[in-house]
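Number of protein chains: 2
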Amino acid sequence: MLAKDLIKGTLSTIILTLLKEQGRMYGYDITRAVKERSEGKVLLKEGSLYPALHRLLADGLVETEEVMVGKRMRIYYRLTAKGVEQTSVQVNELLSFLDTIQGLILNQNPSWNG
Amino acid sequence: MLAKDLIKGTLSTIILTLLKEQGRMYGYDITRAVKERSEGKVLLKEGSLYPALHRLLADGLVETEEVMVGKRMRIYYRLTAKGVEQTSVQVNELLSFLDTIQGLILNQNPSWNG
DNA sequence: TATTTATACATAGGTTATCTATACATAGAT
DNA sequence: ATCTATGTATAGATAACCTATGTATAAATA
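Residue numbers (the working numbering), protein chains in the order written: chain A, 5 to 118; chain B, 5 to 118.
Following this line, the structure appears as structure tokens:
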């Protein structure tokens, strides 16, 4: 129940990061990459992924390229210039947040030890 | 917008951790502790905190002690035995998740560098 | 003495991201 | 034949968190 909720707010950043790194990916590709890299801990569902991709598209952070592979369609996504910028912003924000939470949990901030 | 969503799923763990450490705390106390420890980055609102505390109470993870201070009521919260157990579980889960996400973002998992 | 700020708890209602479940379709494996 | 993998899509449910509001005591400050 906890693990399920933790992904919230991090998904778009994960997708953007993968795209920045790989250049272009299609949806199914992303689900496998997330699964592999998280060692099976993060299982991205279609109901989460595709709406997320559509949001990124609507926000102008990614652009698409449709390709027919045999009789099957693939929709490749790649970052726009705006998307590249936003990726940096979100990655910094996310890493900073992870630090903050770790600090809260592990009590690395000495100011409260009184 | 990102930072606002990131807190989701982490709040109960933060509260439980604080209680485990401090022994007992009341609501307003918790908001200040979170603010201080996160250096102002996490501003816990009443509309988030009190429902969260009530959930923990309903789940039997905390118990309360009402104290009058002057004419004002304070409700102290402390962990139950079940709460102590659950705190460990959630902290481990959260730290593991933070590592996973960091790995995804920073690509520390070498298995995908092909 | 009037107003602001801090302390202290509470909840109704809104937002929204994610998940569940379902749908359609190609295609390889067993 | 049937299962599994590949590939995209959406309607509806869930639920956590926030906004806004309410009540009340009390200290500060103008």
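Every residue, glycine too, gets a C-beta built ideally from N, C-alpha and C.
Chain B residues whose Cβ lies nearer than 7 Å to that of ASN111(A): As a position in the first sequence, residue 111(A) is number 107, starting the count at 1. Near ASN111(A) (Cβ distances below 7 Å), the residues of chain B are GLU25.
Closest to TYR81(B) by CA distance: which of LEU98(B), GLY27(B), ALA62(B) is it? Counted from its first residue, the second sequence places residue 81(B) at position 77. TYR81(B) has its Cα closest to that of GLY27(B), out of LEU98(B), GLY27(B), ALA62(B).
Given 8 Å, three or more beta-carbon pairs between the stretch 63–83 of chain A and the stretch 12–27 of chain A: yes
Bounding residues of the beta strand (DSSP E) (the contiguous stretch that carries GLU70(A)): For the purposes of this step, residue 70(A) is identified with residue 66 of the first sequence, where counting begins at 1. First-last of the beta strand (DSSP E) with GLU70(A): 66–73.
From the beta carbon of ASP9(B), is the nearest beta carbon of chain A less than 7 Å away? For the purposes of this step, residue 9(B) is taken as residue 5 along the second sequence, with counting starting at 1. Chain A contact via Cβ: present.
Here's the rule I'm using: 16 or more other beta-carbon atoms within 10 Å means buried, otherwise exposed. How should LEU60(B) be labelled? Sequence index remark: in the second sequence, residue 60(B) carries index 56 (1-based). Per the 10 Å Cβ criterion, buried.
Burial state of SER133(A), where buried means 16 or more other Cβ atoms lie within 10 Å: Nothing can be reported for residue 133(A): it is not among the residues displayed for chain A, which extend from 5 to 118.
Cβ neighbour criterion (16 or more within 10 Å) applied to VAL46(B): For the purposes of this step, residue 46(B) is identified with residue 42 of the second sequence, where counting begins at 1. It counts as buried.
Tell me whether ARG76(A) sits in a helix, a strand or coil according to DSSP, three-state version. Taking the first sequence and counting its residues from 1, the one referred to as residue 76(A) is at position 72. Three-state DSSP puts ARG76(A) in a strand.
To be precise: take each residue of the stretch 39–66 of chain B, compare its Cβ to all Cβ atoms of chain A, and keep it if any distance is under 9 Å. Which residues remain? GLU40, ARG41, SER42, GLU43, LYS45, VAL46
If the cut is a Cβ gap below 7 Å, which residues of chain B does THR104(A) touch? As a first step, residue 104(A) must be located in the first sequence, where it is residue number 100. Residues of chain B passing the Cβ test: SER42, LYS45, VAL46.
For ALA62(A), does the count of other Cβ atoms within 10 angstroms reach 16, so buried, or fall short, so exposed? Within the first sequence, residue 62(A) is the residue found at index 58, counting from 1. Flag for ALA62(A) reads exposed.
Coil, strand or helix - LEU83(B) by DSSP: Counted from its first residue, the second sequence places residue 83(B) at position 79. Three-state DSSP puts LEU83(B) in a strand.
Would you report the Cα separation of GLN94(A) and GLU40(A), rounded to the nearest angstrom? Locating residue 94(A) in the first sequence gives position 90, where the first residue counts as 1. Locating residue 40(A) in the first sequence gives position 36, where the first residue counts as 1. Distance between the alpha carbons of GLN94(A) and GLU40(A): 22 Å.
Contact residues within the stretch 74–104 of chain A, judged by C-beta distance below 8 Å to chain B: GLN94, VAL95, GLU97, LEU98, LEU99, SER100, PHE101, LEU102, THR104
Top-ranked residue by Cα proximity to LEU83(A), from LYS24(A), MET77(A), TYR32(A): Position 79 of the first sequence holds residue 83(A). For the residues LYS24(A), MET77(A), TYR32(A), the minimum Cα distance to LEU83(A) belongs to LYS24(A).
Within 10 angstroms of its Cβ, does ALA37(A) collect 16 or more other Cβ (buried), or is it exposed? Sequence index remark: in the first sequence, residue 37(A) carries index 33 (1-based). Answer is buried; the Cβ neighbour count reaches 16.
Who does TYR30(B) pair with in a DSSP beta bridge? Numbered from its first residue, the second sequence carries residue 30(B) at position 26. Per DSSP, TYR80(B).
Tell me whether LEU48(A) is buried or exposed, calling it buried when 16 or more other Cβ atoms sit within 10 Å of its Cβ. The sequence position of residue 48(A) within the first sequence is 44, counting from 1. Classification for LEU48(A): buried.
First and last residue of the alpha helix (DSSP H) that includes LEU61(A)? As a first step, residue 61(A) is located in the first sequence; it is residue number 57 there, counting from the start. Here the alpha helix (DSSP H) through LEU61(A) covers 50–62.
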